[in-house]
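Everything in the sequence shown is counted per the numbering used here, starting at 1089 for the first residue and increasing by one. Structure record follows, encoded as structure tokens.
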Amino acid sequence: MGAAADRELEAIVLATDPVSRERIAGLSARERAIRVAKRVGASKVTVVDDPAQLETLTPASALLVIRADQLVHTPLVQPLVDRELPHDGVAIAVVPENPAVTDLTVGSYAGAFIATGAMAKAAVHALAGGDDTFVASVAEPLRVPHGAIARAPIRTAEERRTAQRVLYRILIKPQDNAITRYLYRPVSFPLTRLLVWTPITPNQISYLVAALVAVGCWFTAHRSMTMALVGTVIVLVASYVDCCDGEVARVKLLSSRFGAWIDTIVDELSTIGYMVAIGWHCHLYFGPRYFGDLPIDPWTTAIAVSCVTLVWCVYCIYYNIIVAVGSANSQDYVGRFEVVPGTQPNSVKLAPAAAKAIATKEPLPQPLEWLATYAPYLVRRDFISWIAVLLVALHWTHITFAAFVAGGLVSFVILTIDHIKLRSLRRSVVRRGMLLEAP
1089 MGAAADRELE AIVLATDPVS RERIAGLSAR ERAIRVAKRV GASKVTVVDD
1139 PAQLETLTPA SALLVIRADQ LVHTPLVQPL VDRELPHDGV AIAVVPENPA
1189 VTDLTVGSYA GAFIATGAMA KAAVHALAGG DDTFVASVAE PLRVPHGAIA
1239 RAPIRTAEER RTAQRVLYRI LIKPQDNAIT RYLYRPVSFP LTRLLVWTPI
1289 TPNQISYLVA ALVAVGCWFT AHRSMTMALV GTVIVLVASY VDCCDGEVAR
1339 VKLLSSRFGA WIDTIVDELS TIGYMVAIGW HCHLYFGPRY FGDLPIDPWT
1389 TAIAVSCVTL VWCVYCIYYN IIVAVGSANS QDYVGRFEVV PGTQPNSVKL
1439 APAAAKAIAT KEPLPQPLEW LATYAPYLVR RDFISWIAVL LVALHWTHIT
1489 FAAFVAGGLV SFVILTIDHI KLRSLRRSVV RRGMLLEAP
């Protein structure tokens, strides 16, 4: 209804059925329904354990009702909240085509609805007889298909196991590259499945990652190759744990902008911290005369240069995703933008530019095709973490450090070019006297 934007939205969670206390992935069905309601903007959530509670309720101008005798997730009610409704209207969530679970028929009521105005008051009075009864009494409700992974029955042990498997499908992120998908997620998924049953929060996991990286960097910044290897392995372990904070947040509906920024800051400081640590190890192990009698210490100079390039790269990345993309996730970085029409008169907005295929007369040789496909992964932090362990195990710590320095310089050039183009594009919009909409 775009209704949440213009009217106060309150929610009722129907938890009269004992099955609402069943826990799925660390949360009871009722608690999950409460968090879903708050996530879509409900200012007040009332949990109804006894129908008698309904007698004293006076709903706001918009009322969201969620039944908690099933597993529910945000896509069940988000489409309802996003729809426009008349003042005295009702919108019900219905089963879409190809639902994640097939216990209900396509188009049937799925256990959530929104009512506004007089219909909200009528809903409260009728809910004692059940939400199904109220929905059936509405002449022509707006029927809104729910999204993917929105609900699942949980009455039997088998249904609860199925519901949990369905819920865990939200952990699969489309932004994940092949390295993350095949090297990291197979380990982080089982760990997340354990963590969701504990009181540990996503932010606490981020703090643990920061502590692990700090310990790993301390070990690495010693002359001993063994210490450097131990430290590098600890940093790799931290990379695996780092996958879990976002996964726990998605499963337990604990995502927040603060948490996203904590995760982001820890990630970037981890990269810079390990680069400094491995560089200092090289300074101690190989010595300032490793490359001959130079007027400067090559290791400390390279550390200083790399700190500057990496900090600049971080600035370019986050200027891009905050100002142009509207995200806190560095995986959402966009290299090239184009100007597209906005939603208001004389306004435009920036959108990712469509990739242009490079036409060739003949297929690329197999080695070049492989390089074009997989080379972008070789400069990613998750791949470098594994390569660092291998190189340090071979006592090639100077190669590890050189890779960080080279990667920082290459990233510096690429990101600087992207940044200049983005700034230039934004200035060109302003010069034309047009309004540039926020992402």
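Positions of the beta carbon are idealized from the N, C-alpha and C atoms, including for glycine.
From His1310, Leu1398, Asp1420, residue whose alpha carbon lies closest to that of Gly1375: Position 287 of the sequence shown, counted from the start, is the residue given in the question as residue 1375. That would be His1310, whose Cα lies nearest to the Cα of Gly1375.
4-residue-minimum alpha helix (DSSP H) runs that sit fully inside the region 1290-1367, ordered along the chain: Whole alpha helix (DSSP H) segments, 4+ residues: 1290-1308, 1313-1339.
Per-residue burial, Tyr1270 [other beta carbons within 10 Å of its own, 16 or more giving buried]: Against the sequence shown, residue 1270 aligns to sequence position 182. Under this definition Tyr1270 is an exposed residue.
Classification of Pro1278 by the beta-carbon crowding that lies within 10 angstroms, buried from 16 upward: Stepping through the sequence shown from its first residue, residue 1278 is reached at position 190. By the 10 Å Cβ count, Pro1278 comes out exposed.
Simplified DSSP assignment, three categories, for Arg1515: By one-based count along the sequence shown, residue 1515 stands at place 427. If DSSP states are grouped into helix, strand and coil, Arg1515 belongs with the helices.
Simplified DSSP state of Arg1095, which is helix, strand or coil: The residue labelled residue 1095 in the question sits at position 7 within the sequence shown. In the structure shown, Arg1095 sits in coil (DSSP, three-state: anything other than H, G, I, E or B).
Where His1213 falls, given that 16 or more other Cβ within 10 Å makes a residue buried: Residue mapping note: residue 1213 aligns to position 125 of the sequence shown, counting from 1. The residue in question, His1213, is exposed, as its Cβ has fewer than 16 Cβ neighbours within 10 Å.
Burial state of Tyr1272 (16 or more Cβ within 10 Å): Mapped onto the sequence shown, residue 1272 falls at position 184. Looking at its Cβ environment, which holds 16 or more other Cβ atoms inside 10 Å, Tyr1272 is buried.
Burial state of His1161 (16 or more Cβ within 10 Å): Locating residue 1161 in the sequence shown gives position 73, where the first residue counts as 1. Buried, because 16 or more other Cβ atoms sit within 10 Å of the Cβ of His1161.
Ala1412 and Thr1352 closer than 7 Å at C-beta: Start at 1 with the first residue of the sequence shown, and residue 1412 comes out as number 324. Start at 1 with the first residue of the sequence shown, and residue 1352 comes out as number 264. No.
Whether Ala1099 touches Val1133 by CB criterion (7 Å): Translated into positions along the sequence shown, residue 1099 becomes position 11. Translated into positions along the sequence shown, residue 1133 becomes position 45. Contact: yes.
Cβ-based neighbour list, Glu1143, same chain, cut-off 6 Å, excluding 5 preceding and 5 following: As a position in the sequence shown, residue 1143 is number 55, starting the count at 1. Same-chain partners within the cutoff: there are none.
Spatial distance of Ala1092 from His1369 (CA atoms): The count along the sequence shown starts at 1 and reaches residue 1092 at position 4. The count along the sequence shown starts at 1 and reaches residue 1369 at position 281. In this prediction, Ala1092 has a pLDDT of 47, which is less than 50 and means its spatial position is unreliable; what the coordinates show is noted afterwards. In a straight line, the C-alpha of Ala1092 is about 56 Å away from that of His1369.
Inter-residue spacing [alpha-carbon to alpha-carbon] between Arg1377 and Thr1389: On the sequence shown, position 289 is the one that residue 1377 refers to. On the sequence shown, position 301 is the one that residue 1389 refers to. Using only the alpha carbons, I get a separation of about 13 Å.
Pair within 7 Å by beta-carbon distance, Ile1366 and Phe1489: Numbered from its first residue, the sequence shown carries residue 1366 at position 278. Numbered from its first residue, the sequence shown carries residue 1489 at position 401. Closer than 7 Å, so yes.
Closest residue to Gly1235 among Val1427, Asp1170, Arg1111 (Cα-Cα distance): Working through the sequence shown from its first residue, we reach residue 1235 at position 147. Nearest option by C-alpha distance: Asp1170.
Ala1236, DSSP secondary structure in three states: For the purposes of this step, residue 1236 is taken as the residue at position 148 of the sequence shown. Three-state DSSP puts Ala1236 in coil, outside helix and strand.
As assigned by DSSP and simplified to three states, the class of Met1089: What you label residue 1089 is simply residue 1 of the sequence shown in a count that begins at 1. Because the pLDDT at Met1089 is just 47, under 50, the model does not fix this residue reliably, and the value given afterwards should be weighed accordingly. In this structure, Met1089 counts as coil in the three-state DSSP scheme.
C-alpha gap between Ser1512 and Met1522, whole angstroms: Taking the sequence shown and counting its residues from 1, one reaches residue 1512 at position 424. Taking the sequence shown and counting its residues from 1, one reaches residue 1522 at position 434. Taking the straight line from one Cα to the other gives about 14 Å.
Short Cβ contact (7 Å threshold) for Ala1298 with Thr1485: Counting from one through the sequence shown, the residue named residue 1298 turns up at place 210. Counting from one through the sequence shown, the residue named residue 1485 turns up at place 397. No. Outside cutoff.
For Ala1211 and Ala1203, believed in contact at Cβ under 8 Å, the rounded distance: If you number the sequence shown from 1, residue 1203 lands on position 115. If you number the sequence shown from 1, residue 1211 lands on position 123. Right, the Cβ-Cβ distance comes to about 4 Å (below 8 Å), so this counts as a contact.
One or two residues paired with Phe1425 in a DSSP bridge: As a first step, residue 1425 must be located in the sequence shown, where it is residue number 337. Bridge partners of Phe1425: Pro1440.
Three-state class that DSSP yields for Leu1398 in the structure shown: In the sequence shown, counting from the first residue as 1, residue 1398 sits at position 310. In the structure shown, Leu1398 sits in a helix (DSSP, three-state: H, G or I).
Buried or exposed by the 16-neighbour rule on C-beta atoms within 10 Å, applied to Arg1515: Taking the first residue of the sequence shown as position 1, residue 1515 is located at position 427. Arg1515 comes out exposed.
DSSP-derived helix/strand/coil call for Phe1201: Taking the sequence shown and counting its residues from 1, one reaches residue 1201 at position 113. Shown here, Phe1201 sits in a strand according to DSSP, grouped into three states.
Pair within 7 Å by beta-carbon distance, Ile1237 and Arg1253: Residue mapping note: residue 1237 aligns to position 149 of the sequence shown, counting from 1. Residue mapping note: residue 1253 aligns to position 165 of the sequence shown, counting from 1. No, the pair does not count as a contact, with Cβ atoms beyond the cut-off.
Exposure of Ala1326, with buried meaning 16 or more beta-carbon neighbours within 10 Å: Within the sequence shown, numbered from 1, the residue matching residue 1326 stands at position 238. By the 10 Å Cβ count, Ala1326 comes out buried.
Nearest to Pro1480 (by Cα), restricted to the options Ser1435, Val1336, Thr1308, Ala1179: Here residue 1480 refers to the residue found at position 392 of the sequence shown. The sequence given here has Val at residue 1480, not Pro. Comparing Cα positions, the closest option is Thr1308.
Check whether Val1178 and Pro1229 have beta carbons under 7 Å apart: Reading the sequence shown from its first residue, position 90 is the one you call residue 1178. Reading the sequence shown from its first residue, position 141 is the one you call residue 1229. For the pair Val1178 and Pro1229, the CB atoms are nearer than the 7 Å cut-off.
Contacting residues, own chain, Cβ-Cβ under 6 Å from Ile1391 (five flanking each side not counted): Counting from one through the sequence shown, the residue named residue 1391 turns up at place 303. The answer, listed in chain order, is Val1364, Gly1367.
Spatially closest choice to Gln1432 from Leu1097, Ala1526, Tyr1197, Leu1341, by CA coordinates: As a working mapping, residue 1432 is identified with position 344 in the sequence shown. The candidate whose alpha carbon is nearest that of Gln1432 is Ala1526.
Bounding residues of the alpha helix (DSSP H) (the contiguous stretch that carries Ala1179): Locating residue 1179 in the sequence shown gives position 91, counting from the first residue. No alpha helix (DSSP H) holds Ala1179; the beta strand (DSSP E) holding it covers 1178-1182.
Identity of the residue in Ala1121, Glu1096, Leu1097 nearest Ser1108 by Cα: Residue 1108 sits at position 20 when you count from the first residue of the sequence shown. Taking only the C-alpha atoms, the option nearest Ser1108 is Ala1121.
Spatial distance of Phe1494 from Trp1349 (CA atoms): Here residue 1494 corresponds to residue number 406 of the sequence shown, with the count starting at 1. Here residue 1349 corresponds to residue number 261 of the sequence shown, with the count starting at 1. According to the sequence provided, residue 1494 is Ala. The question's Phe does not apply to it. The straight-line gap from Cα to Cα measures roughly 27 Å.
Val1135, DSSP secondary structure in three states: Numbered from its first residue, the sequence shown carries residue 1135 at position 47. If DSSP states are grouped into helix, strand and coil, Val1135 belongs with the strands.
Assigned exposure category for Trp1539 - 16 Cβ within 10 Å defines buried: Nothing about residue 1539 can be reported from this structure: the residues present for the chain run from 1089 to 1527 only.
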